[in-house]
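A.B. asks:
Protein chains: 2
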Amino acid sequence: MQIALCQLNFKIADFEGNTTKIISAIKQAKSKNAVLAVFSEFAVCGYPPLDMLENKDFIDKCEKAVNQISEHCHQIAAIIGTPVINTNESGKKLFNSAVFIEKGKVKSIHCKSLLPSYDVFDEYRYFEPNKLWQIADYKNERIAITICEDLWVNQPVENSFTRQKLYTCSPMDELLKFSPTLMINIASSPFSFNHSGSRKTVLCENAKKYKLPLIYVNQVGANTELIFDGGSMAINATGKVFSELPYFEESVRLIDTSTTSAEIQKNEMPAIEKIYKAIILGIHDYFNKTGFNKAVLGLSGGIDSALVLVLAVKALGKENVHALLMPSRYSSQHSVTDALMLTSNLGVTYDLISIEPAFTNFETSLVPIFAGKATDITEENIQARIRGTLLMAYSNKFGNILLNTSNKSEMAVGYGTLYGDMAGGLSVIGDLYKTQVYQLANYINSHGEIIPRNIIIKAPSAELRPNQKDSDSLPKYDILDKILFAYIEQKTPLEEIVELGFDKQVVEKVIRLVNANEYKRFQTAPVLRISSKAFGFGRRMPLVAKY
Amino acid sequence: MQIALCQLNFKIADFEGNTTKIISAIKQAKSKNAVLAVFSEFAVCGYPPLDMLENKDFIDKCEKAVNQISEHCHQIAAIIGTPVINTNESGKKLFNSAVFIEKGKVKSIHCKSLLPSYDVFDEYRYFEPNKLWQIADYKNERIAITICEDLWVNQPVENSFTRQKLYTCSPMDELLKFSPTLMINIASSPFSFNHSGSRKTVLCENAKKYKLPLIYVNQVGANTELIFDGGSMAINATGKVFSELPYFEESVRLIDTSTTSAEIQKNEMPAIEKIYKAIILGIHDYFNKTGFNKAVLGLSGGIDSALVLVLAVKALGKENVHALLMPSRYSSQHSVTDALMLTSNLGVTYDLISIEPAFTNFETSLVPIFAGKATDITEENIQARIRGTLLMAYSNKFGNILLNTSNKSEMAVGYGTLYGDMAGGLSVIGDLYKTQVYQLANYINSHGEIIPRNIIIKAPSAELRPNQKDSDSLPKYDILDKILFAYIEQKTPLEEIVELGFDKQVVEKVIRLVNANEYKRFQTAPVLRISSKAFGFGRRMPLVAKY
Chain U
2 MQIALCQLNF
12 KIADFEGNTT
22 KIISAIKQAK
32 SKNAVLAVFS
42 EFAVCGYPPL
52 DMLENKDFID
62 KCEKAVNQIS
72 EHCHQIAAII
82 GTPVINTNES
92 GKKLFNSAVF
102 IEKGKVKSIH
112 CKSLLPSYDV
122 FDEYRYFEPN
132 KLWQIADYKN
142 ERIAITICED
152 LWVNQPVENS
162 FTRQKLYTCS
172 PMDELLKFSP
182 TLMINIASSP
192 FSFNHSGSRK
202 TVLCENAKKY
212 KLPLIYVNQV
222 GANTELIFDG
232 GSMAINATGK
242 VFSELPYFEE
252 SVRLIDTSTT
262 SAEIQKNEMP
272 AIEKIYKAII
282 LGIHDYFNKT
292 GFNKAVLGLS
302 GGIDSALVLV
312 LAVKALGKEN
322 VHALLMPSRY
332 SSQHSVTDAL
342 MLTSNLGVTY
352 DLISIEPAFT
362 NFETSLVPIF
372 AGKATDITEE
382 NIQARIRGTL
392 LMAYSNKFGN
402 ILLNTSNKSE
412 MAVGYGTLYG
422 DMAGGLSVIG
432 DLYKTQVYQL
442 ANYINSHGEI
452 IPRNIIIKAP
462 SAELRPNQKD
472 SDSLPKYDIL
482 DKILFAYIEQ
492 KTPLEEIVEL
502 GFDKQVVEKV
512 IRLVNANEYK
522 RFQTAPVLRI
532 SSKAFGFGRR
542 MPLVAKY
Chain Y
2 MQIALCQLNF
12 KIADFEGNTT
22 KIISAIKQAK
32 SKNAVLAVFS
42 EFAVCGYPPL
52 DMLENKDFID
62 KCEKAVNQIS
72 EHCHQIAAII
82 GTPVINTNES
92 GKKLFNSAVF
102 IEKGKVKSIH
112 CKSLLPSYDV
122 FDEYRYFEPN
132 KLWQIADYKN
142 ERIAITICED
152 LWVNQPVENS
162 FTRQKLYTCS
172 PMDELLKFSP
182 TLMINIASSP
192 FSFNHSGSRK
202 TVLCENAKKY
212 KLPLIYVNQV
222 GANTELIFDG
232 GSMAINATGK
242 VFSELPYFEE
252 SVRLIDTSTT
262 SAEIQKNEMP
272 AIEKIYKAII
282 LGIHDYFNKT
292 GFNKAVLGLS
302 GGIDSALVLV
312 LAVKALGKEN
322 VHALLMPSRY
332 SSQHSVTDAL
342 MLTSNLGVTY
352 DLISIEPAFT
362 NFETSLVPIF
372 AGKATDITEE
382 NIQARIRGTL
392 LMAYSNKFGN
402 ILLNTSNKSE
412 MAVGYGTLYG
422 DMAGGLSVIG
432 DLYKTQVYQL
442 ANYINSHGEI
452 IPRNIIIKAP
462 SAELRPNQKD
472 SDSLPKYDIL
482 DKILFAYIEQ
492 KTPLEEIVEL
502 GFDKQVVEKV
512 IRLVNANEYK
522 RFQTAPVLRI
532 SSKAFGFGRR
542 MPLVAKY
């Protein structure tokens, strides 16, 4: 059977845009003699629509979109993800569904059974789990249609406990009773660099276990924090991938289930390249889907803002990115010259504006109130907030969205000023530890120096007091990041982190800092998620607690 | 049977503090000849611990606390809420449980079946629903123990759809098969002024339906946004409340199930008084539980900051609250005099610091960049951000937490400056519409003028440009708030709001503003929740979407 895998980029609630895109792909598939077009989970409305699902109006529009699409399904069938109303007397109001459309009509509805409710996922908030099993008969194939998590029966419980199976039911075991000949799984599975291998493994294991070919269609594109990487694939009944769609871009590809061992199209990419492409897609879609096209950022001469500038230029074009250089009395000369060299390498416009007059002014104004008090972190934060104010003024006046340049290590330990350098509409590298920031900078420079070498090799400093270095108050980043990874990603208790070979006092300090700064992270911009545990929606810690 | 209802204020993860409190209540109950002490849901660890539940260490500490408490349960039994590990092969790792402790040991574990996963609740993120039913036999009583939502079988689906039952199972119908003689429900049910009546109704209906007395013990105290109001109660088998514990304070009270019609202790309180007490408790616990005791806020001479100042003084004491008056060239004279009169009425300290020099300075600094551009909202935002910077400088220097003074109406339509007047560690009145702000101000003044009358009667203005009034850019607050309530709380679609009798263009504008400002609310402080739909964790909207 000729099947078109339609890996598309959808915008949440853009019914007109999404429907047009879907219909166009169906026409394209039909013109190439495909008999079935498969789209991702929640194709009609985009994923994740969150509490928009609670509006009746939203669900009505999904239904209308499905009807409109159905009119184009003659001589071709389609499988499309959409929310569907639960008409039972009790339970959550919706199902997360795949509709099978044939001869201009919805022929059957297949609902998701395993509803991820962990990390960034809250599907149980909206959906009733499916308990009714059925198969789609079509052109001599008996298709077992499942949705994303349905094939992740062996998803381990995500915590530091002894591991057990997360789910009590196996959708494919149920569907096997109907003697299927083909499995189709539609997904909206976001990218994370430390999980991207396991997806392929899980899918291949399913094909092998059930001895059935498996078609997998994933969403591509970013919706706020979540970056969907695509990488849809077709796997034969022995568990071998025979066609793999590209990562991070739209693609419609025909595969033939009867000639599964013919041409093998593979899709390998090193983790760092995936991270690079993921972030660029994340920036691009944030702007494109909100209707903005220009960005501004503060360029300090340090590695973080340099990296963000390069990524922004790649995502938006050099003509759409503006840099503000805002030196103070504590800025070293190389900060300005390094930053200027980068703007020149990239060809972006910039303004240079000293914060010295404003800083002096604040100091003077506060003399009567601060009388007799020693200089401390207050004065450092004032400098950062003056910069935040200037950046937001630029943003307000010219309509450029401010890009935040904080990295995950500093967000973790609270090494940043709320409303100062923590300001911005989108956190670009907030899910990259400092050591990953260096890796990505080196990757960018691997085909020629874009980021001036001096920016990469100099010792990190916030330059908010004389001769300040990050290492004055924090452990070295290669140590810090390992401790943070163990604590945040792996939820390893303090004692066990110490047993890994770290100094007890250092570990205690790091954990204390992470806990004490939940309130700062609570108020930061959405963070482009590239790991399996980013700050933000997927990590929910009480602000008021005994830590 | 003599039962002690122990309505206590727990701090999340404060195992030592919570355990000490529980043991002390057990001793007190025993000394008064109670044979059973009942504590709220998650008494050992506080509710809601959120992702702390994913740490094995946290669960171990809960278990230890239960063991420690058990040692004090001789000649008295106890029912206590705690997370318990699910030892089955599959499913979520934890149960939300009530342990029944007798003779120094946990005798039985009763787990929650109905797991709220809507609004601020995400219980399915952590817990497996219970499917095993059992009863606690104790001193000639057969006790059906349930947890909070378990009695809310008729919880309607929370959205604008046709209503249906949310749950597919009824725990009490199952437990009825064991012929219970008494129902006990332990809860951590947060306050919302528009739901506080329905709680009592639901509980009384349960007692009536099952013809059994019902003991209900709720948590009291605030944990970040959520304010638990207590109001524990004992209801007889005919569905009449015969003892009701106070709202918003700790209380341990003995009731006798055999003399249920004796003295009736009622607990009526008007909604506005509940809101007043709720917010004061919210502020108090935020400070007390984080170990801070001093607050600072910007006092503009307007109603919002005036109200927050009164509430803060009530919660923290006048000696712990400091006001900053920060007039600009656009501030009217009455703004300063009204603000000063309020500080004098309350006896709080203040500093007056003009933002004029800083504002002029920013304007001058930006001339080369803004050359030729007209004055617009940018300059308004700069003023607000200078104030934010000064307030945070005060906060940093003296350790006072900045209280945010935004109300729900302005947060809804984005009438506020991110990193300016939207700054702060805690949003005190962010869940009060402007019309409720006036109601609460009038309530406070009902026994004598605390808030100067001029602050209440003058037309609201941000005073960020000459002669500015809120009504220049927004509909009148009595209209605006009704539209907002319909859209936000009731999820009414645009057309239906218009049908309620509002101007179509006005409704369209308001809805457009609400949608366009999701990004601002994403970055604001936690909001003390007093309604059934507050901004923040309980309302999750995509930032990038077509609205």
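Chains U and Y, in that order, are what the protein sequence lines are. Mind the numbering: the first sequence is residues 2 to 548 in my numbering, read in order. Mind the numbering: the second sequence is residues 2 to 548 in my numbering, read in order. For each residue, glycine too, the CB sits at the ideal point set by N, CA and C. Only a predicted model underlies this, so the values are computations on that prediction, with no experimental measurement involved.
Thinking just about the alpha-carbon of each residue, which of U:Asp174, U:Val154, U:Leu95 is nearest to the one in Trp134 of chain U?
C.D. replies: Locating residue 134 of chain U in the first sequence gives position 133, counting from the first residue. Ranking U:Asp174, U:Val154, U:Leu95 by Cα distance to Trp134 of chain U puts U:Asp174 first.
A.B. asks: Tell me, please, whether the CB atom of Ser25 of chain Y is closer than 9 Å to any CB atom in chain U?
C.D. replies: Taking the second sequence and counting its residues from 1, one reaches residue 25 of chain Y at position 24. By this cut-off, Ser25 of chain Y is not an interface position.
A.B. asks: Secondary structure at Ala78 of chain U, three-state DSSP: helix, strand or coil?
C.D. replies: In the first sequence, counting from the first residue as 1, residue 78 of chain U sits at position 77. In this structure, Ala78 of chain U counts as strand in the three-state DSSP scheme.
A.B. asks: Around the C-beta of Val368 of chain Y, are 16 or more other C-beta atoms found within 10 angstroms, so that it is buried, or is it exposed?
C.D. replies: For this step, residue 368 of chain Y is matched to residue 367 along the second sequence. When all chains shown are included, Val368 of chain Y counts as exposed.
A.B. asks: At 7 Å on the CB atoms, spell out the chain C contacts of Ser428 of chain Y, in chain order.
C.D. replies: No chain C is present in this structure, whose protein chains are U and Y.
A.B. asks: Count the CB pairs spanning the stretch 237-253 of chain Y and the stretch 519-537 of chain U that are closer than 8 Å, and state whether there are at least three.
C.D. replies: Not touching, per the Cβ criterion.
A.B. asks: Measuring only between beta-carbons, confirm whether Ala316 of chain Y sits less than 9 Å from chain U.
C.D. replies: Your numbering for residue 316 of chain Y matches position 315 in the second sequence. For Ala316 of chain Y, the answer is no, since every Cβ of chain U falls outside 9 Å of its Cβ.
A.B. asks: Pull up the distance between the alpha-carbon of Asp432 of chain Y and that of Met393 of chain Y, whole angstroms please.
C.D. replies: What you label residue 432 of chain Y is simply residue 431 of the second sequence in a count that begins at 1. What you label residue 393 of chain Y is simply residue 392 of the second sequence in a count that begins at 1. Looking at the two C-alpha atoms, the distance is approximately 23 Å.
A.B. asks: Count the other C-beta atoms from every protein chain shown that fall within 10 angstroms of the C-beta of Ala385 of chain U, then say buried if there are 16 or more, exposed otherwise.
C.D. replies: For the purposes of this step, residue 385 of chain U is taken as residue 384 along the first sequence, with counting starting at 1. Burial call: buried.
A.B. asks: Give a yes or no on whether the minimum CB-CB distance between Ile354 of chain U and chain Y is below 9 Å.
C.D. replies: Residue 354 of chain U sits at position 353 when you count from the first residue of the first sequence. At least one chain Y Cβ lies under 9 Å of Ile354 of chain U.
A.B. asks: With distances taken Cα to Cα, identify the nearest neighbour of Leu255 of chain U among U:Ile498, U:Cys205, U:Ala30.
C.D. replies: Looking up residue 255 of chain U in the first sequence gives position 254. It is U:Ala30 whose Cα lies nearest to the Cα of Leu255 of chain U.
A.B. asks: Mapping DSSP to helix, strand and coil, what is Ala460 of chain Y?
C.D. replies: Your numbering for residue 460 of chain Y matches position 459 in the second sequence. Correct three-state label for Ala460 of chain Y: coil.
A.B. asks: For Asn455 of chain Y, name the three-state secondary structure that DSSP assigns.
C.D. replies: Indexing the second sequence from 1 puts residue 455 of chain Y at position 454. Looking at Asn455 of chain Y - three-state DSSP - the assignment turns out to be helix.
A.B. asks: Where does Pro191 of chain Y fall in DSSP's three states?
C.D. replies: What you label residue 191 of chain Y is simply residue 190 of the second sequence in a count that begins at 1. If DSSP states are grouped into helix, strand and coil, Pro191 of chain Y belongs with the strands.
A.B. asks: Could you check whether Lys62 of chain Y and Ala14 of chain Y sit closer than 9 Å to each other, using their CB atoms as the reference points?
C.D. replies: In the second sequence, residue 14 of chain Y corresponds to position 13, counting from 1. In the second sequence, residue 62 of chain Y corresponds to position 61, counting from 1. Yes, the Cβ-Cβ distance between Ala14 of chain Y and Lys62 of chain Y is below 9 Å.
A.B. asks: How would you write the range of the alpha helix (DSSP H) that Met342 of chain U sits in, first residue to last?
C.D. replies: Numbered from 1 along the first sequence, position 341 holds the residue referred to as residue 342 of chain U. From DSSP, the alpha helix (DSSP H) with Met342 of chain U extends over 334-347.
A.B. asks: Which class does Glu357 of chain U belong to by DSSP, given the choice of helix, strand or coil?
C.D. replies: Looking up residue 357 of chain U in the first sequence gives position 356. Helix at Glu357 of chain U.
A.B. asks: What first and last residue would you give for the alpha helix (DSSP H) that runs through Thr147 of chain Y?
C.D. replies: As a position in the second sequence, residue 147 of chain Y is number 146, starting the count at 1. Per DSSP, Thr147 of chain Y belongs to no alpha helix (DSSP H); it is in the beta strand (DSSP E), 142-148.
A.B. asks: Give the residues from the stretch 206-218 of chain U that approach chain Y closer than 7 Å (Cβ to any Cβ), ordered along the chain.
C.D. replies: Answer in chain order: no residues at all.
A.B. asks: Please check if any C-beta of chain Y sits within less than 9 Å of the C-beta of Gln524 of chain U.
C.D. replies: In the first sequence, residue 524 of chain U corresponds to position 523, counting from 1. Yes, its Cβ sits closer than 9 Å to a Cβ of chain Y.
A.B. asks: Assuming the contact rule is C-beta atoms closer than 8 Å, Val218 of chain Y and Ser233 of chain Y should be a hit. Round their C-beta distance to whole Å, please.
C.D. replies: As a position in the second sequence, residue 218 of chain Y is number 217, starting the count at 1. As a position in the second sequence, residue 233 of chain Y is number 232, starting the count at 1. Indeed they touch by this definition, with Cβ atoms about 5 Å apart.
A.B. asks: Whose Cβ in chain Y lies nearer than 8 Å to the Cβ of Leu167 of chain U?
C.D. replies: Taking the first residue of the first sequence as position 1, residue 167 of chain U is located at position 166. Chain Y residues near Leu167 of chain U: Ser91, Gly92, Lys93.
A.B. asks: Comparing the C-beta of Asp174 of chain U with each C-beta of chain Y, is any distance below 9 Å?
C.D. replies: Within the first sequence, the letter at position 173 stands for residue 174 of chain U. By this cut-off, Asp174 of chain U is not an interface position.
A.B. asks: How would you label Asp479 of chain U, buried or exposed, when you count the other beta carbons within 10 angstroms and need 16 or more for buried?
C.D. replies: Walking along the first sequence from the start, residue 479 of chain U turns up at place 478. It is exposed - the Cβ of Asp479 of chain U has fewer than 16 other Cβ atoms within 10 Å.
A.B. asks: In whole angstroms, what is the alpha-carbon distance linking Ser447 of chain U and Ile23 of chain U?
C.D. replies: Position 446 of the first sequence, counting from 1, holds the residue named residue 447 of chain U. Position 22 of the first sequence, counting from 1, holds the residue named residue 23 of chain U. The alpha-carbon atoms of Ser447 of chain U and Ile23 of chain U are separated by roughly 39 Å.
A.B. asks: Any beta carbon of chain U sitting closer than 9 Å to that of Ser332 of chain Y?
C.D. replies: The residue given as residue 332 of chain Y occupies position 331 in the second sequence. False, the Cβ-Cβ gap to chain U never drops below 9 Å.
A.B. asks: Checking contacts by CB at 9 Å: is Asp15 of chain Y closer than that to chain U?
C.D. replies: Reading the second sequence from its first residue, position 14 is the one you call residue 15 of chain Y. Yes, because at least one Cβ of chain U sits closer than 9 Å to the Cβ of Asp15 of chain Y.
A.B. asks: Measure from the alpha carbon of Thr379 of chain Y to the alpha carbon of each residue in U:Ile489, U:Ala359, U:Gly400, U:Lys374, then state which is nearest.
C.D. replies: Counting from one through the second sequence, the residue named residue 379 of chain Y turns up at place 378. Measuring from the Cα of Thr379 of chain Y, the nearest candidate turns out to be U:Gly400.
A.B. asks: Short of 9 Å Cβ to Cβ, which residues in the stretch 388-399 of chain Y face chain U?
C.D. replies: Against chain U - using a Cβ distance shorter than 9 Å - the residues of the stretch 388-399 of chain Y are Gly389, Thr390, Leu391, Met393, Ala394, Tyr395, Ser396, Asn397, Lys398, Phe399.
A.B. asks: Measure from the alpha carbon of Arg540 of chain U to the alpha carbon of each residue in U:Ser462, U:Val121, U:Ile457, U:Thr344, then state which is nearest.
C.D. replies: Position 539 of the first sequence, counted from the first residue, corresponds to residue 540 of chain U. Looking at the Cα atoms, U:Val121 is the closest of the given residues.
A.B. asks: List the residues of chain U whose Cβ lies closer than 8 Å to the Cβ of Pro50 of chain Y, in chain order.
C.D. replies: Taking the first residue of the second sequence as position 1, residue 50 of chain Y is located at position 49. Pro543, Ala546, listed in chain order.
A.B. asks: If the cut is a Cβ gap below 7 Å, which residues of chain U does Phe249 of chain Y touch?
C.D. replies: Residue numbering aside, residue 249 of chain Y sits at position 248 when the second sequence is read from its first letter. Result: empty, since nearest Cβ-Cβ is about 17 Å, beyond 7 Å.
A.B. asks: By a C-beta neighbour count over all protein chains shown, 10 Å radius and 16 as the cutoff for buried, is Leu115 of chain U buried or exposed?
C.D. replies: The sequence position of residue 115 of chain U within the first sequence is 114, counting from 1. Result: buried.
A.B. asks: At the level of alpha carbons, what is the spacing between Phe96 of chain Y and Asp257 of chain Y?
C.D. replies: As a position in the second sequence, residue 96 of chain Y is number 95, starting the count at 1. As a position in the second sequence, residue 257 of chain Y is number 256, starting the count at 1. Between Phe96 of chain Y and Asp257 of chain Y, the C-alpha separation is close to 31 Å.
A.B. asks: Quick one, which of Y:Gly421, Y:Cys149, Y:Tyr48, Y:Leu215 has its alpha-carbon nearest Ser259 of chain Y's?
C.D. replies: Within the second sequence, residue 259 of chain Y is the residue found at index 258, counting from 1. Looking at the Cα atoms, Y:Leu215 is the closest of the given residues.
A.B. asks: Give me the subset of the stretch 216-245 of chain U whose CB atoms are less than 9 Å from a CB atom of chain Y, sorted by chain position.
C.D. replies: Going along the stretch 216-245 of chain U in chain order, one finds Ala223, Asn224, Thr225, Glu226 with a Cβ nearer than 9 Å to chain Y.
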